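Trainee: Protein sequences, first through last, are from chains A and B.
Numbered according to my numbering, the first sequence spans residues 1 to 342.
Numbered according to my numbering, the second sequence spans residues 1001 to 1342.
Cβ coordinates follow ideal geometry from the N, Cα and C atoms, glycine included.
Every value quoted in this text rests on a predicted model; they were computed, and no experiment measured them.
The following block contains the structure, expressed as structure tokens.
Protein chains: 2
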Amino acid sequence: MTTEPEVPAYRPPTLTDVAKLAGVSVATASKAINGRGEVRSTTRVRVLEAAELLSFAPNALARGLLSGRTGTVGLLTSDLEGRFSIPILMGAEDASGAGQVSVFLCDARGDAIREKHHVQALLSRRVDGLIVVGSRTDPRPPLAGNIPVPVVYVYAPSADPADISITVDNVGGGRLAIEHLLACGRRTIAHITGEAGFQAARDRAEGAAAALAAAGLRMVGDRPYFGSWDESWGRAAAHMVVEQHPEVDAIFCGSDQIARGVLETLRDFGREVPRSISVIGFDNWEAIAADSRPRLTSIDMNLKHLGEVAGQRLFAAIDGAAPSSEEFPGRVVMRESTLPVG
Amino acid sequence: MTTEPEVPAYRPPTLTDVAKLAGVSVATASKAINGRGEVRSTTRVRVLEAAELLSFAPNALARGLLSGRTGTVGLLTSDLEGRFSIPILMGAEDASGAGQVSVFLCDARGDAIREKHHVQALLSRRVDGLIVVGSRTDPRPPLAGNIPVPVVYVYAPSADPADISITVDNVGGGRLAIEHLLACGRRTIAHITGEAGFQAARDRAEGAAAALAAAGLRMVGDRPYFGSWDESWGRAAAHMVVEQHPEVDAIFCGSDQIARGVLETLRDFGREVPRSISVIGFDNWEAIAADSRPRLTSIDMNLKHLGEVAGQRLFAAIDGAAPSSEEFPGRVVMRESTLPVG
DNA sequence: AACACCCCCGAAAAGGTTTTAGGATGTGCT
DNA sequence: AGCACATCCTAAAACCTTTTCGGGGGTGTT
């Protein structure tokens, strides 16, 4: 009871162990392992063999303490479901390339206190930079306090235009959707979307309206049907649209979930998709869009690419560059719900 | 060009800075801040004020280098969509309590090479422990190499029974589902589920069969309908079931996605849910289950709780305890698809 | 044989924190 | 006055790696 559990406590091998085994000094061992400095090739292999034998892995803490660089970046998300964060995380990791850099994800759960705490935790562990992922596209307040490392905001831009933000071009996305429907031969198009309080909903609607105007057309009902992002709203709104405007021949939905609801109601009404009416969604959420009946055409926001770019910009900023914000277009992922009429 | 960019390079304040400002030695400053050792109260407040003023945050690298503890655990996931990992991450974070410990997530994408790389990266950063999350419940090979820190496997158990694994009781989950349907007054129950290659599918089917046998009943068709985890299979299998066994009055689905497909086919056949037939899913995936028509009763695996327990077990192991594996039951989340007949 | 020179290696310092052991100061008692 | 002792603080070592600088030894040249 008086002393500790007395576990043998396997101690990870240190550079000193390697050097001792190889019969050289720690300085030489370090140089041999990192390929720096002048060291005879025979010595180098001797050190490398010793390191291999002990399965030595350098202590990143000591290294970071000395160099000021830890080769670590934090990815801070507020996206509960991880639907946006995971692809962005993957992209950021890919951008880190050969693997000198590790990306660690923390979930702030949309809670400012928790976010502050995670930022502190990451900074005290001396991350080289931060990626902040929002759960919606509305501008978000920049991280509080003066952050001593570069920060890149993804998906949700920072409210401070001086910050680096990598975002989706939702206006362009709305335009893409409409242009696709037009290319399929549709002319009488309605737009059912989520809450008007979301920038994403307003932007997509704006792009849709612009594309229609450019073709000399108007939206069915003259304005978007704002509601919520879920299936029930899709069902309810589709009901209204079909009853009030039976001539409608395409519906652009602000989310794939809305589109699922729309599909269901159209089926109830006996409106065949895509023969009689086309439907296009937004997000390209595989679990929702890829296995509906018919399978759903959707706008993909290329989140993984967004993450890649965010990673690249962050690494550039860490290396002293001053990158700027950027906005990326989505792309149409075509499935059966918008087969061209013909 | 000859020298570095010459940035002022905001240097984070060190303990030395604080000590200097407070007019004490670093040792005293350390003790004052950590509340350790004998230090006069007037001195303590002087130090704390100085720390506050400089917004000093201790360098976790230096601290970890010395103590051998970093207050960091790595959560390694193979779950592409993050559908399982995020709740588990949240649970593990909650288990870490006051916030001395941070949990960092890495995504191995089900790739052994990438997994190895991430383990190396985490270990070189001297995490105190690892949580490994699998994407399916089949036992997985334990982490390769001798890991010098405790490891807890969640969702997917380690193939080595000596390891600590925290898993879902899928047999019990299957039993729960059937018992719920029986309690709703159903007697003629079919089971449509995913690939027989998945332990989860086999376990749930086993539990279902056992619960039916205990009630003196048999499964419709005498065996589960194994197929795939998606909606199309749900539609196809429901078609078969309803045609071959029109007397069926309940369907237990191995996933919520399958259940969605089943619901759709039942609607095509004019079988009213839940009046004429009940449907129960598995996973309680909100996006799928919470907004279908009717809304879907489902088995929830309590993943967040799983993460909490995993965190607790890991922290216990880090503190020298020798915790054991554990299996947790799910729970029925009731919605409209299984309203009792009456 | 003496010298210049190159190649390789080792000693030491630095980075920020915690802990241990000991030193300085002041108080109470004989 | 001298001593024991409690209280508060400091100096220094330790953690592990990287880098700089200098030294030792060998080789080629005159």
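Using the Cα positions of Phe-1328(B) and Ala-1183(B), report the straight-line distance between them to the nearest angstrom.
Mentor: Along the second sequence, read from residue 1 onward, the residue named residue 1328(B) stands at position 328. Along the second sequence, read from residue 1 onward, the residue named residue 1183(B) stands at position 183. Cα to Cα, the separation comes out at about 22 Å.
Trainee: Against Glu-314(A), what residues of chain B qualify as contacts under a CB-to-CB distance less than 7 Å, listed in chain order?
Mentor: For this step, residue 314(A) is matched to residue 314 along the first sequence. Sequence check: residue 314(A) is Leu here, not Glu. Result: empty, since nearest Cβ-Cβ is about 17 Å, beyond 7 Å.
Trainee: Determine the burial state of Glu-6(A): buried for a count of at least 16 other Cβ atoms within 10 Å of its Cβ, exposed for fewer.
Mentor: On the first sequence, residue 6(A) is found 6 positions in, with the first residue counted as 1. In this prediction, Glu-6(A) has a pLDDT of 40, which is less than 50 and means its spatial position is unreliable; what the coordinates show is noted afterwards. Exposed, by the Cβ-count rule.
Trainee: Taking 8 Å as the CB-CB cut-off, is Arg-1293(B) touching chain A?
Mentor: Taking the second sequence and counting its residues from 1, one reaches residue 1293(B) at position 293. So yes, Arg-1293(B) belongs to the interface.
Trainee: Please determine if the stretch 169 to 182 of chain A and the stretch 284 to 299 of chain A are in contact, where contact requires at least 3 C-beta pairs separated by less than 8 Å.
Mentor: yes
Trainee: Using a C-beta to C-beta distance shorter than 7 Å, which residues of chain B count as neighbours of Asp-230(A)?
Mentor: Residue numbering aside, residue 230(A) sits at position 230 when the first sequence is read from its first letter. Those within 7 Å of Asp-230(A) in chain B are Asp-1291.
Trainee: I need the boundaries of the alpha helix (DSSP H) containing Val-132(A), first residue and last residue.
Mentor: Numbered from 1 along the first sequence, position 132 holds the residue referred to as residue 132(A). Careful: Val-132(A) lies outside any alpha helix (DSSP H), inside the beta strand (DSSP E) at 129 to 133.
Trainee: Run the CB neighbour count on Pro-340(A), radius 10 Å, all protein chains shown included, and call it buried at 16 or more, exposed below.
Mentor: Position 340 of the first sequence, counted from the start, is the residue given in the question as residue 340(A). Exposed is the call here.
Trainee: Could you have a look at Val-18(A) and say whether DSSP puts it in helix, strand or coil?
Mentor: Within the first sequence, the letter at position 18 stands for residue 18(A). Three-state DSSP puts Val-18(A) in a helix.
Trainee: Less than 7 Å between C-beta atoms, sequence neighbours within five positions excluded: which residues of the same chain meet that for Pro-141(A)?
Mentor: Counted from its first residue, the first sequence places residue 141(A) at position 141. Cβ within range, chain order: Ala-159.
Trainee: Gly-1261(B) and Glu-1231(B) look like a contact to me (Cβ under 8 Å); what is the Cβ gap, rounded to whole Å?
Mentor: Sequence index remark: in the second sequence, residue 1261(B) carries index 261 (1-based). Sequence index remark: in the second sequence, residue 1231(B) carries index 231 (1-based). Rounded, the Cβ-Cβ distance is 4 Å, consistent with contact.
Trainee: Which one of Gly-1194(B), Asp-1203(B), Ile-1166(B) and Glu-1206(B) has the shortest CA to CA distance from Arg-1235(B)?
Mentor: Numbered from its first residue, the second sequence carries residue 1235(B) at position 235. When only C-alpha atoms are compared, the closest one is Gly-1194(B).
Trainee: Within this structure, are the beta carbons of Gly-1207(B) and Val-1171(B) separated by less than 8 Å?
Mentor: Along the second sequence, read from residue 1 onward, the residue named residue 1207(B) stands at position 207. Along the second sequence, read from residue 1 onward, the residue named residue 1171(B) stands at position 171. A contact, by the Cβ cut-off of 8 Å.
Trainee: Relative to chain B, which residues along the stretch 110 to 121 of chain A have a C-beta separation below 7 Å, given in chain order?
Mentor: His-117, Gln-120 and Ala-121
Trainee: For the stretch 1150 to 1176 of chain B, which residues have a beta carbon sitting closer than 7 Å to at least one beta carbon of chain A?
Mentor: none
Trainee: Among Trp-1229(B), Asp-1291(B) and Ser-1030(B), whose alpha-carbon lies nearest the alpha-carbon of Met-1334(B)?
Mentor: As a position in the second sequence, residue 1334(B) is number 334, starting the count at 1. Cα-wise, what sits closest to Met-1334(B) is Asp-1291(B).
Trainee: Check the Cβ-Cβ distances between Val-1007(B) and every residue of chain A, and say whether any is below 8 Å.
Mentor: The sequence position of residue 1007(B) within the second sequence is 7, counting from 1. Model confidence at Val-1007(B) stands at a pLDDT of 46, short of 50, so the residue's coordinates are unreliable; what they give is reported in the following sentence. Yes, Val-1007(B) counts as interfacial toward chain A.
Trainee: Output, in chain order, the set of chain B residues within a Cβ distance shorter than 8 Å of Asn-59(A).
Mentor: Sequence index remark: in the first sequence, residue 59(A) carries index 59 (1-based). Those are Leu-1065, Ser-1124 and Arg-1126, listed as they occur along chain B.
Trainee: Would you check if there are 3 or more beta carbon pairs closer than 8 Å linking the stretch 1109 to 1119 of chain B to the stretch 1087 to 1096 of chain B?
Mentor: no
Trainee: Between Lys-1031(B), Phe-1282(B), Ser-1255(B) and Met-1240(B), which lies nearest to Leu-1266(B) when the distance is taken from Cα to Cα?
Mentor: Start at 1 with the first residue of the second sequence, and residue 1266(B) comes out as number 266. Per the Cα distances, Met-1240(B).
Trainee: Beta-carbon within less than 8 Å of Thr-2(A)'s beta-carbon, same chain only, minus the 5 sequence neighbours each way: which residues are those?
Mentor: To locate residue 2(A), count along the first sequence from 1; it is residue 2. Low local confidence applies: a pLDDT of 36 at Thr-2(A) is under 50, so the model's placement there is unreliable, with the coordinate-based value given in what follows. Cβ within range, chain order: n/a, list empty.
Trainee: For Met-90(A), return the contacting residues in chain B, with the cut-off set at a CB-CB distance below 9 Å.
Mentor: Along the first sequence, read from residue 1 onward, the residue named residue 90(A) stands at position 90. Those are Leu-1080, Asp-1107 and Arg-1109, listed as they occur along chain B.
Trainee: Within 10 Å of its beta-carbon, does Asp-256(A) have 16 or more other beta-carbons around it, so buried, or fewer, so exposed?
Mentor: In the first sequence, residue 256(A) corresponds to position 256, counting from 1. So Asp-256(A) ends up on the buried side.
Trainee: How would you label Asn-996(B), buried or exposed, when you count the other beta carbons within 10 angstroms and need 16 or more for buried?
Mentor: This structure cannot settle anything about residue 996(B), because the visible part of chain B is limited to 1001 through 1342.
Trainee: Reducing DSSP to helix, strand and coil, say where Val-332(A) ends up.
Mentor: Looking up residue 332(A) in the first sequence gives position 332. Here Val-332(A) sits in strand by DSSP.
Trainee: Which residues, in order along the stretch 309 to 334 of chain A, keep a beta-carbon less than 8 Å from a beta-carbon of chain B?
Mentor: Gly-320
Trainee: With a threshold of 8 Å between beta carbons, is Pro-1274(B) in contact with chain A?
Mentor: Looking up residue 1274(B) in the second sequence gives position 274. Closer than 8 Å: no.
Trainee: Could you confirm whether any beta carbon from chain B is found closer than 8 Å to the beta carbon of Gly-129(A)?
Mentor: Mapped onto the first sequence, residue 129(A) falls at position 129. Gly-129(A) does not count as touching chain B.
Trainee: How would you label Arg-1204(B), buried or exposed, when you count the other beta carbons within 10 angstroms and need 16 or more for buried?
Mentor: On the second sequence, position 204 is the one that residue 1204(B) refers to. The residue in question, Arg-1204(B), is buried, as its Cβ has 16 or more Cβ neighbours within 10 Å.
Trainee: Beta carbon of Tyr-155(A), beta carbon of Val-127(A): below 8 Å?
Mentor: Position 155 of the first sequence, counting from 1, holds the residue named residue 155(A). Position 127 of the first sequence, counting from 1, holds the residue named residue 127(A). It is not a contact, given that the beta carbons lie outside the stated cut-off.
Trainee: Provide the residue span of the alpha helix (DSSP H) that contains Ser-352(A), from first to last.
Mentor: The structure shown does not extend to residue 352(A), since chain A is modelled only from 1 to 342, so the question has no answer here.
Trainee: Below 8 Å between beta carbons: does that hold for Ala-1051(B) and Val-1026(B)?
Mentor: The residue you call residue 1051(B) lines up with position 51 of the second sequence. The residue you call residue 1026(B) lines up with position 26 of the second sequence. Against a cut-off of 8 Å, the Cβ pair of Val-1026(B) and Ala-1051(B) comes out as no contact.
Trainee: Cβ closer than 9 Å: which chain A residues qualify as neighbours of Ile-1280(B)?
Mentor: By 1-based counting over the second sequence, the position of residue 1280(B) is 280. Neighbours of Ile-1280(B) on chain A: none; closest Cβ ~19 Å, over 9 Å.
Trainee: Alpha helix (DSSP H) containing Ser-85(A): first to last residue?
Mentor: Counted from its first residue, the first sequence places residue 85(A) at position 85. Its alpha helix (DSSP H) spans residues 85 to 95.
Trainee: On the criterion of 16 or more Cβ atoms from any shown chain inside 10 Å, does His-1245(B) qualify as buried, or is it exposed?
Mentor: As a working note, residue 1245(B) is residue 245 in the second sequence. Its Cβ having fewer than 16 others within 10 Å, His-1245(B) is exposed.
Trainee: Looking only at its own chain, which residues have a Cβ that is under 7 Å from the Cβ of Glu-1004(B), when we skip the five neighbours before and after it?
Mentor: Here residue 1004(B) refers to the residue found at position 4 of the second sequence. For Glu-1004(B), the pLDDT reaches just 37, beneath the cut-off of 50, and the residue's location in the model is therefore unreliable, although a value from the coordinates is still provided. Cβ within range, chain order: n/a, list empty.
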